[in-house]
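Just so you know, the sequences run in chain order A and B.
Taking my numbering, the leading residue of the first sequence gets 1122, the next gets one more, and so forth.
Taking my numbering, the leading residue of the second sequence gets 1122, the next gets one more, and so forth.
For each residue, glycine too, the CB sits at the ideal point set by N, CA and C.
Number of protein chains: 2
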Amino acid sequence: MSDLLKRLRERGWRLTAQRRVVAEVLAGDHIHLTADEVHARATERLPEISRATVYNTLGELVSLGELLEVSTDHRATRYDPNARRPHHHLLCDRCGTIRDVHPTGDALSALPESERFGYTVSGVELTYRGICPDCAV
Amino acid sequence: MSDLLKRLRERGWRLTAQRRVVAEVLAGDHIHLTADEVHARATERLPEISRATVYNTLGELVSLGELLEVSTDHRATRYDPNARRPHHHLLCDRCGTIRDVHPTGDALSALPESERFGYTVSGVELTYRGICPDCAV
DNA sequence: CCCTACATTGGACAAGGTCTAAGTCAAGGC
DNA sequence: GCCTTGACTTAGACCTTGTCCAATGTAGGG
Ligand SMILES: [Mn+2]
Ligand SMILES: [Mn+2]
Ligand SMILES: [Zn+2]
Ligand SMILES: [Zn+2]
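As structure tokens, this is what we get:
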């Protein structure tokens, strides 16, 4: 059993076939799938899984902090299983491929007090944009 | 006539009442409206303006580089008239209010070659998250 | 003032996402 | 092992955001 499923079990989740398959589909590095992509891949292993269950499960995993929502483009939200290690994203403007990246320095401290407008600032997201090697001429 | 309308005139735009109203609604600092918000405000001044025209005009202004699209949350795209001066964003997680901010340093150079995966990197967006003074207890 | 290419309109359509009522099943208790 | 029950899943209606189109209107040059 994967670490993720184990943690879910400990939190009182019923381990259904549907939840197992969603967790399996999300395993790996640099994975940033849309809900419909998760559904398509889950359907290959469990043909009767519904869209609603995929959305429910993704939402629950986000609430538990096991998944991050990423909205780099202006289209569908993507789901990121690399929630345990802080990171940022590098996005190809042509094909949409996303890689996890770890810039140096601390972007939070780059925002001076005078630019905070009284907000309590808790986090920062960086999205680098460019063209990936496959899409380069 | 505003600078924006003047520039549009110079680029061959017909100055219709609809385009004028959309341009007026977008004037100001820290403005980041959704298309439907633009439509609602435009309707107050020109009741017969259609949703399609608002979308058309916003799209054209984006193509001309007069407006930026911002997708900080996972909902509707927001339109940012502050396209002439590079900046980043500070977002309230409770009410969604967005402010323009200017962090120090160069986030682009914070991404080492070893973290670029062969991409040609052309830009970076920073989104700071927090709680605004109005939403703080 | 006319003409016409450009602009606007309402409504159909599509994609992404949410919600609900009815049926199903994981797993604890016996 | 079986029962029971509340949690889970399902299909499909519905909502929001955004695109597209054919018909209609009009800005602005001549
Ligand atoms: Mn990631
Ligand atoms: Mn802005
Ligand atoms: Zn690419
Ligand atoms: Zn707020």
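Check	Outcome
Taking the alpha-carbon of V1242 (chain B) as reference, which of A:E1165, A:R1140, A:L1185 and A:C1253 has the nearest alpha-carbon?	A:C1253
In three-state terms, what does DSSP make of Y1176 (chain B)?	helix
For chain B, find out if any of its Cβ atoms is closer than 8 Å to the Cβ of A1257 (chain A); answer yes or no.	yes
What does S1243 (chain A) reach in chain B if we use C-beta pairs closer than 7 Å?	R1250 and G1251
Check each candidate in A:L1125, A:C1256, A:H1210 and A:I1152 and name the one with the smallest Cα separation from G1186 (chain A).	A:L1125
Let me know the secondary structure DSSP gives M1122 (chain A) once reduced to three states.	With a pLDDT of only 49 at M1122 (chain A), under the threshold of 50, the placement of this residue in the model should not be trusted; the figure read from the coordinates follows. The answer is coil: DSSP assigns M1122 (chain A) none of H, G, I, E or B.
Is there a Cβ from chain B that is less than 8 Å from the Cβ of C1216 (chain A)?	no
Grouping DSSP H, G and I as helix and E and B as strand, with all else coil, what is T1218 (chain A)?	coil
Name, please, each residue of chain B whose Cβ falls closer than 8 Å to the Cβ of R1220 (chain A).	F1238 and Y1240
In whole angstroms, what separates the C-alpha of R1206 (chain A) from that of E1190 (chain A)?	14 Å
Using a Cβ cut-off of 7 Å, which residues of the region 1160–1193 of chain B contact any Cβ in chain A, in chain order?	E1190 and S1192
Counting Cβ pairs closer than 8 Å, one from the region 1225–1239 of chain B and one from the region 1157–1175 of chain B, do we hit at least three?	no
Cα-Cα, which of A:H1153, A:I1219, A:T1155 and A:I1170 is closest to R1141 (chain A)?	A:I1170
Would the beta-carbon of Y1240 (chain A) fall within 8 Å of that of G1251 (chain B)?	yes
Between D1214 (chain A) and the rest of its own chain, which residues show a CB-CB distance below 6 Å, the 5 nearest in sequence each way excluded?	R1250
List in chain order: all unbroken beta strand (DSSP E) runs of 3+ residues lying wholly within the region 1224–1256 of chain B.	1241–1252
Along the chain, where does the alpha helix (DSSP H) containing R1140 (chain B) start, and where does it finish?	A1138 to L1147
Does the beta carbon of V1245 (chain B) fall short of 7 Å from some heavy atom of ligand 2?	no
DSSP three-state label for Q1158 (chain A), please.	The sequence as given places Glu at residue 1158 (chain A); Gln does not occur at that position. Looking at E1158 (chain A) - three-state DSSP - the assignment turns out to be helix.
Quick one: what's got a C-beta closer than 6 Å to L1211 (chain A)'s C-beta in the same chain, skipping five residues either side?	R1220, V1222 and Y1249
Any heavy atom of ligand 3 inside 7 Å of the beta-carbon of T1137 (chain A)?	no
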